[in-house]
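Our numbering puts the sequence shown at residues 58 to 638.
Data block below; observations after.
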Amino acid sequence: ENVTEKVDLAWYLGIYSGLTVATVLFGIARSLLVFYVLVHSSQTLHNKMFESILRAPVLFFDRNPIGRILNRFSKDIGHMDDLLPLTFLDFFQTFLQVLGVVGVAVAVIPWIAIPLIPLGILFFVLRRYFLETSRDVKRLESTTRSPVFSHLSSSLQGLWTIRAYKAEERFQELFDAHQDLHSEAWFLFLTTSRWFAVRLDAICAVRLDAICAIFVIIVAFGSLILATTVDAGQVGLALSYALTLMGMFQWCVRQSAEVENMMISVERVMEYTDLEKEAPWEYQNRPPPNWPQDGTIVFDNVSFSYSLDGPLVLKHLTALIKSKEKVGIVGRTGAGKSSLISALFRLSEPEGKIWIDKILTTEIGLHDLRKKMSIIPQEPVLFTGTMRKNLDPFNEHTDEELWNALTEVQLKEAIEELPGKLDTELAESGSNFSVGQRQLVCLARAILRRNRILIIDEATANVDPRTDELIQKKIREKFAQCTVLTIAHRLNTIIDSDKIMVLDSGRLKEYDEPYVLLQNEESLFHKMVQQLGKAEAAALTETAKQEYFKRNYPDITHRDHVIMNASNGQPSAFTIFETAL
Numbered sequence: 058e059n060v061t062e063k064v065d066l067a068w069y070l071g072i073y074s075g076l077t078v079a080t081v082l083f084g085i086a087r088s089l090l091v092f093y094v095l096v097h098s099s100q101t102l103h104n105k106m107f108e109s110i111l112r113a114p115v116l117f118f119d120r121n122p123i124g125r126i127l128n129r130f131s132k133d134i135g136h137m138d139d140l141l142p143l144t145f146l147d148f149f150q151t152f153l154q155v156l157g158v159v160g161v162a163v164a165v166i167p168w169i170a171i172p173l174i175p176l177g178i179l180f181f182v183l184r185r186y187f188l189e190t191s192r193d194v195k196r197l198e199s200t201t202r203s204p205v206f207s208h209l210s211s212s213l214q215g216l217w218t219i220r221a222y223k224a225e226e227r228f229q230e231l232f233d234a235h236q237d238l239h240s241e242a243w244f245l246f247l248t249t250s251r252w253f254a255v256r257l258d259a260i261c262a263v264r265l266d267a268i269c270a271i272f273v274i275i276v277a278f279g280s281l282i283l284a285t286t287v288d289a290g291q292v293g294l295a296l297s298y299a300l301t302l303m304g305m306f307q308w309c310v311r312q313s314a315e316v317e318n319m320m321i322s323v324e325r326v327m328e329y330t331d332l333e334k335e336a337p338w339e340y341q342n343r344p345p346p347n348w349p350q351d352g353t354i355v356f357d358n359v360s361f362s363y364s365l366d367g368p369l370v371l372k373h374l375t376a377l378i379k380s381k382e383k384v385g386i387v388g389r390t391g392a393g394k395s396s397l398i399s400a401l402f403r404l405s406e407p408e409g410k411i412w413i414d415k416i417l418t419t420e421i422g423l424h425d426l427r428k429k430m431s432i433i434p435q436e437p438v439l440f441t442g443t444m445r446k447n448l449d450p451f452n453e454h455t456d457e458e459l460w461n462a463l464t465e466v467q468l469k470e471a472i473e474e475l476p477g478k479l480d481t482e483l484a485e486s487g488s489n490f491s492v493g494q495r496q497l498v499c500l501a502r503a504i505l506r507r508n509r510i511l512i513i514d515e516a517t518a519n520v521d522p523r524t525d526e527l528i529q530k531k532i533r534e535k536f537a538q539c540t541v542l543t544i545a546h547r548l549n550t551i552i553d554s555d556k557i558m559v560l561d562s563g564r565l566k567e568y569d570e571p572y573v574l575l576q577n578e579e580s581l582f583h584k585m586v587q588q589l590g591k592a593e594a595a596a597l598t599e600t601a602k603q604e605y606f607k608r609n610y611p612d613i614t615h616r617d618h619v620i621m622n623a624s625n626g627q628p629s630a631f632t633i634f635e636t637a638l
């Protein structure tokens, strides 16, 4: 008997040790599997959201502030990476424990299933009642977080301006207001969660006294009924499980509700994975590699709106821009100058037709269209990375070509003084360069591209006179054989253009040579020039006159000045004959 007891003890110890090791191994495997699946899912959703953001039209970024987008990529992704896996794992583990307890107890005493039904119904109803409110409160908390990110981001970008105007207190008050609004929503979410937890605990402690009593009575009488088939150990096991089931059951319900609240972050991320997309980047029928060769642009009854239900910002515009022409685009604020460029780049799909060298722009991919046009924006954009990547992001040019471009814009010495030269890492948005230097980098980028179409969006509005003069000089030299469209508020930058396009309320009002427009006192362009003052208007008129006769009468000059008929400002036949002699 002693030998048998020792054998049984050794056997039970072996079984117990094996189960312990198996529990540890399965626990580790379970955690690794769950975390791998959830984190991998989070990574997949992040990548899909990022790709969707890249493909979103420009209108999306106008409607959604940067804080709202940052909120998705920071807090919501953070919940999916951190809190959601932990909460889901806890819920999953508790749920399996509840199933195991119920299964064992019902297998021993089937009568236990009777009180479980009203208990489950009560918890389910309470959970559903709580989630109807908590989900909306969680959405409110997530929504009120976005203005905090937006305000913080804009404040950091404009920190120098805020300090220069001593507006720190004002921006601090705005931040406090945004933070208070978010804190209110967050506190409301915490109170609803605590309300639910208290109710569950109260139900388990007070309101379920009758059910618990019935539960214990059923277990006891069920044990008496099944006394012939159930031994004392099984009855004790069923009773202990019945007592622990209450706490486990309410914790399982709480964690299931918490998981559903956490899924709000997944819902918000999923919303950004299915955004409206731009047209395809590439079509099967691609334009020739050397397109466009001439740079001729035709606008045929073009209307443009930034959204389907938005107002038209361009209305039935028709114009021909010939190869190598330099066209100045002027007009009051809101006239449609930038919208014309947006239609050309297809930032939103225009109505009508736009042709570039006999190819319809809507029939080619966005990449094929946009990479063939260079733009020098009013606010220069430099990306985080090296100077080399900013000049040549696709590694299409040699170092010699990069240095030549920097030499052309007189930035070579400044770049050579940097520690890593071309491989120097730039600060965010190129903040370690002045506005003028960033504008020159954009000009060097355009010189490297060698595109036949160049668009200048008031490129010299925020630079010093020396940089302005340099940019204007290089544009005349390097882009003489290109079609150049210049949006201008300062008329002296476009007075020597081949043609002037005057826009007003989205309509093309005037389109002709500058001097011809200035001869018409009723023209909008003439009135815009006269508003600059007599001296400035006279200087611009003289410049326009000189450029007009250089283009139209290149051989008829006298001492570098055209001899004009004083009566009407046009060269008379006698004047032309005399000048030719």
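Ideal Cβ placement from N, Cα and C applies to all residues, glycine included.
Model, not experiment: these values are computed from the prediction.
According to DSSP, residues forming a beta bridge with residue i
i	result
Gly493	None, per the DSSP bridge assignment.
Gly442	Leu483
Ala376	Phe356
Glu25	The question about residue 25 has no answer, for the chain in this structure spans 58 to 638.
Asp456	Asp456 pairs with nothing; no bridge assigned.
Lys383	Val541
Asp514	Ile544
Ile433	Ile513
Asp561	Arg564
Leu417	Trp412
Ser556	Contrary to the premise, residue 556 reads as Lys rather than Ser in this sequence. Answer is Val384.
Leu371	Phe361
Option nearest residue i by Cα separation, candidates the options
i	options	result
Arg192	Arg220, Ser240, Arg87, Met319	Met319
Leu247	Arg185, Gln229, Glu315, Lys429	Glu315
His454	Tyr186, Ala501, Asp366	Ala501
Gln496	Gln435, Asp449, Gln538, Leu548	Gln435
Ser554	Arg533, Gly135, Ala79	Arg533
Leu527	Ser562, Thr464, Lys556	Thr464
Glu382	Asp351, Met305, Glu333	Asp351
Ile552	Asp521, Ala596, Gly590	Ala596
Arg564	Gln538, Gly388, Asn609, Lys602	Gly388
Asp258	Leu183, Asp233, Glu230	Leu183
Gln587	Asp569, Leu548, Lys602, Glu604	Leu548
Trp252	Lys591, Ser431, Tyr186	Tyr186
Phe83	Glu515, His103, Gln150	Gln150
Thr201	Thr190, Leu173, Phe244	Phe244
Ser98	Asp456, Gly304, Asp138, Arg427	Asp138
Phe232	Thr481, Leu156, Val205	Val205
Asp521	Glu567, Val492, Tyr363	Val492
Asp414	Ile354, Thr77, Arg403	Ile354
Lys132	Glu406, Ser109, His103, Val155	His103
Leu213	Thr600, Ser486, Glu567	Ser486
His239	Arg196, Leu302, Lys531	Arg196
Span of the beta strand (DSSP E) around residue i
i	result
Gly177	Not the beta strand (DSSP E): Gly177 falls in the alpha helix (DSSP H), residues 170 to 214.
Leu475	From DSSP, Leu475 is part of no beta strand (DSSP E); its letter is neither H nor E.
Leu565	564 to 569
Endpoints, the alpha helix (DSSP H) within which residue i is located
i	result
Phe130	That residue, Phe130, is in no alpha helix (DSSP H); it is neither H nor E in DSSP.
Ser396	394 to 402
Lys429	Premise fails: Lys429 is in no alpha helix (DSSP H) and is neither H nor E.
Ile551	It is not in any alpha helix (DSSP H) - Ile551 carries neither H nor E in the DSSP assignment.
Asn577	No alpha helix (DSSP H) holds Asn577; DSSP gives it neither H nor E.
Asp525	522 to 535
Arg608	591 to 609
| said: Across the stretch 158 to 170 and the stretch 321 to 328, are there enough close Cβ pairs to call them in contact, namely three or more that are closer than 8 Å? | reply: At 8 Å Cβ cutoff, the stretches do not touch.
| task | Taking 8 Å as the threshold, find out whether the stretch 204 to 211 comes into contact with the stretch 123 to 133 through three or more Cβ pairs. | result | Contact holds between the stretch 204 to 211 and the stretch 123 to 133, because three or more Cβ pairs, one in each stretch, are under 8 Å apart.
| Any beta strand (DSSP E) of 3 or more consecutive residues that is wholly inside the stretch 294 to 369 | Counting only unbroken stretches of 3 or more residues, the beta strand (DSSP E) elements lying wholly within the stretch 294 to 369 are 354 to 361, in sequence order.
| field | Touch test, the stretch 500 to 515 against the stretch 525 to 543, Cβ-Cβ under 8 Å, three pairs minimum | value | Touching, per the Cβ criterion.
| said: Assess contact between the stretch 409 to 419 and the stretch 351 to 369, defined as three or more Cβ pairs (one per stretch) separated by less than 8 Å. Is contact present? | reply: They touch, by the three-pair rule.
| Does the count of Cβ pairs from the stretch 136 to 152 and the stretch 368 to 384 closer than 8 Å reach three? | Verdict: no, contact absent.
| task | Ignoring anything shorter than 4 residues or poking outside the stretch 88 to 165, list the alpha helix (DSSP H) runs there in chain order. | result | Here the runs fully enclosed are 115 to 120, 123 to 128, 141 to 165.
| message | Quick check: the stretch 86 to 106 against the stretch 374 to 392, are at least 3 beta-carbon pairs closer than 8 Å? | response | The stretch 374 to 392 is not in contact with the stretch 86 to 106.
| contact_flag[the stretch 334 to 343, the stretch 419 to 430] where n(CB pairs < 8 Å) is 3 or more | When Cβ pairs closer than 8 Å are counted between the two stretches, the stretch 334 to 343 is seen to touch the stretch 419 to 430, the count reaching three or more.
| Minimum length 4: unbroken alpha helix (DSSP H) runs contained in the stretch 215 to 259 | Runs of the alpha helix (DSSP H) inside the stretch 215 to 259: 216 to 221, 225 to 259.
| message | For the structure I just gave you, are there three or more beta carbon pairs, one from the stretch 475 to 493 and one from the stretch 394 to 402, closer than 8 Å? | response | Segments in contact, no.
| task | Would you check if the stretch 172 to 182 and the stretch 223 to 231 touch, i.e. whether three or more CB-CB distances between them fall below 8 Å? | result | Too few Cβ pairs lie closer than 8 Å, so no.
| Can at least three beta-carbon pairs, one atom from the stretch 560 to 577 and one from the stretch 602 to 612, be found at a separation below 8 Å? | A contact exists between the stretch 560 to 577 and the stretch 602 to 612.
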